[in-house]
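Q: Be aware that the sequence shown starts at 226, since it is given in this note's numbering, and climbs by one per residue. Every residue gets a Cβ at the ideal spot worked out from N, C-alpha and C, and that includes glycine.
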Amino acid sequence: MDRKTFLKYTGTGAAFFLPPSFITSCMNFSTDTSDIYRYPLRFPDPLDSDQLRASRDDLTIAEQYTLDSLQFNGSLPGPTVRIKRGERFQVQFQNDIGQESIIHWHGMIVPPDMDGHPKDVISEGIYSYDFAINQRAGTYWYHPHPHKITGPQVYRGLAGFFIVTDEEEQALNLPSGDYELPLVIQDRKIDDAGNIYYDPSMPERMMTGYLGEHILVNGIPNPYHEVQPRPYRLRLLNGSNARIYNIAFRNEQSFTVIGSDGGLLPQPVETKELLLAPGERADLLVDFSNGFSGSSAELISKEFSVPSNGGMMGNMSQMMGGGGPEQGSEFPLMEFRIDNTSGTSSSMNLPQQLSEVNFPTEDDAVRTRRIELNMEMMTGHTINGRLFEMLRVDEEVTQGDSEIWEFVNNSAVPHPMHIHAVQFKVLSRSGNRGLHPTETGWKDTTLVMPGERVRIIIQFDAPKGLYVFHCHNLEHEDAGMMANLEIT
Ligand code: C2O
Ligand code: CU
Ligand code: CU
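#1: Check whether the segment 505-524 touches the segment 557-575, taking contact to mean three or more Cβ pairs, one atom from each stretch, closer than 8 Å.
#2: Determine the DSSP secondary structure at K668, reduced to helix, strand or coil.
#3: Please state whether DSSP places N471 in a helix, a strand or coil.
#4: With three or more C-beta pairs closer than 8 Å as the rule, is the segment 452-470 touching the segment 398-408?
#5: If we ignore side chains and look at the alpha-carbon of each, how far apart do E405 and D412 end up?
#6: Which one or two residues does DSSP pair with V618 in a beta bridge?
#7: To the nearest whole angstrom, what separates the beta carbons of L699 and T433, a pair I think is in contact under 8 Å?
#8: With a threshold of 6 Å on Cβ separation, who are the neighbours of P714 within its own chain once the five nearest residues in sequence on each side are excluded?
#9: Is F387 close to chain E, meaning its C-beta is less than 8 Å from at least one C-beta of that chain?
#10: Using the C-alpha atoms, what's the distance from G488 back to A362?
#11: Mind checking whether the beta-carbon of H342 lies closer than 7 Å to any heavy atom of ligand 1?
#12: Closest to M333 by CA distance: which of D703, Y692, T713 is it?
#13: Given S465, which residues of its chain have a CB within under 6 Å of its CB, disregarding the five upstream and five downstream residues?
#14: Can you tell which of K650, M707, Y352 has its C-alpha closest to the C-alpha of N609?
#15: Which of helix, strand or coil does DSSP assign to E477?
#16: Tell me which residues pass a beta-carbon proximity test against ligand 3: closer than 5 Å to any heavy atom, given in chain order.
#17: Say the cut is 7 Å; is the CB of G504 nearer than that to a heavy atom of ligand 1?
#18: Alpha carbon to alpha carbon, how far is M431 from M603? Give it in angstroms, no decimals.
#19: With distances taken from each beta carbon to the nearest heavy atom of ligand 2, which residues come in below 5 Å, in chain order?
#20: Assign L272 to one of three DSSP states: helix, strand, or coil.
#21: Smallest Cα separation from Q360: which of L510, E394, L408, T285?
#22: Taking the Cβ atom as the reference point for each residue, do L436 and R468 lie within a distance shorter than 8 Å?
#23: Verify the contact flag: V673, CB atom, against every heavy atom of ligand 1, threshold strictly below 7 Å.
#24: To which residues of the same chain is Q577 closer than 7 Å at the C-beta, ignoring the five residues directly before and after it?
#25: Using the three-state DSSP reduction, which class does Q395 fall into: helix, strand or coil?
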């Protein structure tokens with residue numbers, strides 16, 4: 226079995242090629258999915274040391290597949306941090322990758338010098354992190370944040386889960402242990418020699434961001450995982466540089482969204498599909514004893530439309546898909562193989578009230594800020610007309626204030642906008658798209674489609690200092706679609 230047996234998408238537009246077995250399974254002539262899902266899923270180990278060492282190494286995955294990649298503690302994805310609210314997190318980041326880096330704890334509210342601002346990069350040696358965990362249980366994550374080279378570092382393997390628990394969440398008795406599955410979804414280009422490669426000269430990089438032909442879940446291309454006929458908790462993270470997924474099951478079985486970027490939703494939300502943009506997380510409850518006929522539950526990215534905006538530029542950007550399936554087309558992610566012989570099917574009664582949440586209201590807001598997202602031929606993607614500058618303060622806010630921010634996407638490509646040091650509430654989206662199922666809860670990243678206007682409310686409670694906000698399409702971020710936010 227060589228690496229070319231991985232499901233790989235080639236060409237651009239709708240005409241990418243799939244193995245015949247995949248096409249027949251789509252047409253329901255066959256339920257044999259073993260050609261697509263060849264390798265067992267695995268999970269990164271828990272972080273069990275006070276050191277996070279980033280280095281470059283060859284890593285063997287799926288038994289015989291060696292990747293030249295970057296890793297935290299020799300693991301891809303990086304080791305999973307699990308920590309309880311009230312505890313302290315202390316770790317020494319050791320940079321052995323031979324270029325500048327710094328770690329950011331995405332979604333965590335920490336003092337500015339612990340946040341991984343790009344001005345704090347180190348080119349070698351150690352950066353010490355030490356902060357208290359004082360926020361809601363949730364699925365957060367960590368990744369590098371050096372200016373201009375975050376994209377390639379994350380792409381080549383540097384990212385991991387940062388999972389916080391608290392008493393409110395534990396009282397719910399959600400599926401845990403083997404029944405709680407953290408799943409990071411990432412698309413990658415892999416060359417014939419087995420290297421995850423990132424070619425900065427790819428023409429599409431500036432428009433769509435860097436896409437890949439292989440869909441990896443926890444580092445494994447299109448894996449399968451054996452499950453029992455019972456409820457599972459899936460913690461999904463879109464750890465891709467640029468690809469948006471529309472999470473769904475192939476048989477259109479509905480599932481329950483219980484959490485988003487900032488932890489549990491107030492109430493569970495039932496849905497059949499869920500858009501997940503780079504940087505976003507979704508906590509799902511899926512009952513494999515119910516709604517799946519046979520033994521296969523295929524998780525896919527379902528077709529969705531990217532609104533076109535900006536005429537020729539819009540069309541051009543859609544055409545420049547580069548590697549892999551076009552944004553918005555359908556392709557498989559992974560398969561759950563349900564062991565119906567285990568006979569221990571069980572279900573779960575989820576309370577209608579999951580979590581106590583107190584969002585600021587529009588009346589609390591002291592002002593509205595308009596954040597324009599533009600694309601110009603000469604400058605590229607900008608925030609309010611400007612590119613990132615390391616120490617220029619772009620937005621100054623007062624600690625304790627609530628503000629409404631209005632993201633307006635005037636460009637032809639989607640921008641998942643992320644703000645450090647806060648969790649916010651989405652108030653509205655223009656047009657008839659409505660809020661996403663995860664947007665009844667706390668968010669730190671929100672997808673702004675071409676032509677769309679998204680209003681959010683933020684309360685700035687983090688320690689005073691300098692943070693950033695940016696597009697989480699990492700190629701856009703690296704090209705300067707980032708700005709400084711100072712809390713004073
Ligand atoms: Cu996940 Cu500033 O990023
Ligand atoms: Cu972040
Ligand atoms: Cu963007």
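A: So, from the listed chains and residues:
#1: Three or more beta-carbon pairs separated by less than 8 Å link the segment 505-524 to the segment 557-575, which places the two stretches in contact.
#2: Counted from its first residue, the sequence shown places residue 668 at position 443. DSSP places K668 in strand when its eight states are reduced to three.
#3: Residue numbering aside, residue 471 sits at position 246 when the sequence shown is read from its first letter. Assigned with DSSP and collapsed to three states, N471 falls in strand.
#4: These segments touch.
#5: By one-based count along the sequence shown, residue 405 stands at place 180. By one-based count along the sequence shown, residue 412 stands at place 187. Across the structure, E405 and D412 are spaced so that their CA atoms are roughly 23 Å apart.
#6: Taking the sequence shown and counting its residues from 1, one reaches residue 618 at position 393. DSSP lists no beta-bridge partner residue for V618.
#7: Locating residue 699 in the sequence shown gives position 474, where the first residue counts as 1. Locating residue 433 in the sequence shown gives position 208, where the first residue counts as 1. Actually they are not in contact, since the Cβ atoms of L699 and T433 sit about 12 Å apart, beyond 8 Å.
#8: The structure shown does not extend to residue 714, since the chain is modelled only from 226 through 713, so no value can be given for it.
#9: The structure shown contains no chain E; it holds only a single protein chain.
#10: Residue mapping note: residue 362 aligns to position 137 of the sequence shown, counting from 1. Residue mapping note: residue 488 aligns to position 263 of the sequence shown, counting from 1. The alpha-carbon atoms of A362 and G488 are separated by roughly 5 Å.
#11: Residue 342 sits at position 117 when you count from the first residue of the sequence shown. No, ligand 1 has no heavy atom inside 7 Å of this Cβ.
#12: Counted from its first residue, the sequence shown places residue 333 at position 108. Per the C-alpha coordinates, the member of D703, Y692, T713 positioned closest to M333 is Y692.
#13: Stepping through the sequence shown from its first residue, residue 465 is reached at position 240. For S465, the CB contacts under 6 Å within the same chain, skipping 5 residues up- and downstream, are Q411, D412, P503 in chain order.
#14: As a first step, residue 609 is located in the sequence shown; it is residue number 384 there, counting from the start. Minimum Cα distance to N609 is reached at M707.
#15: Taking the first residue of the sequence shown as 1, we reach residue 477 at position 252. Correct three-state label for E477: coil.
#16: For ligand 3, residues qualifying as neighbours are H640, C696, N698, H701, where qualification means a beta carbon closer than 5 Å to at least one of its heavy atoms (chain order).
#17: Position 279 of the sequence shown holds residue 504. It does: the Cβ of G504 is within 7 Å (strictly closer) of some heavy atom of ligand 1.
#18: By one-based count along the sequence shown, residue 603 stands at place 378. By one-based count along the sequence shown, residue 431 stands at place 206. Between M603 and M431, the C-alpha separation is close to 12 Å.
#19: In chain order, the residues that have a beta carbon nearer than 5 Å to some heavy atom of ligand 2 are H331, H645.
#20: In the sequence shown, residue 272 corresponds to position 47, counting from 1. Coil, per DSSP.
#21: As a position in the sequence shown, residue 360 is number 135, starting the count at 1. Sorting L510, E394, L408, T285 by C-alpha distance to the C-alpha of Q360 places E394 at the top.
#22: Numbered from 1 along the sequence shown, position 211 holds the residue referred to as residue 436. Numbered from 1 along the sequence shown, position 243 holds the residue referred to as residue 468. In contact: L436 and R468 (Cβ atoms closer than 8 Å).
#23: Sequence index remark: in the sequence shown, residue 673 carries index 448 (1-based). Result no, Cβ not under 7 Å from ligand 1.
#24: For this step, residue 577 is matched to residue 352 along the sequence shown. Around Q577: Q492.
#25: Residue numbering aside, residue 395 sits at position 170 when the sequence shown is read from its first letter. Helix at Q395.
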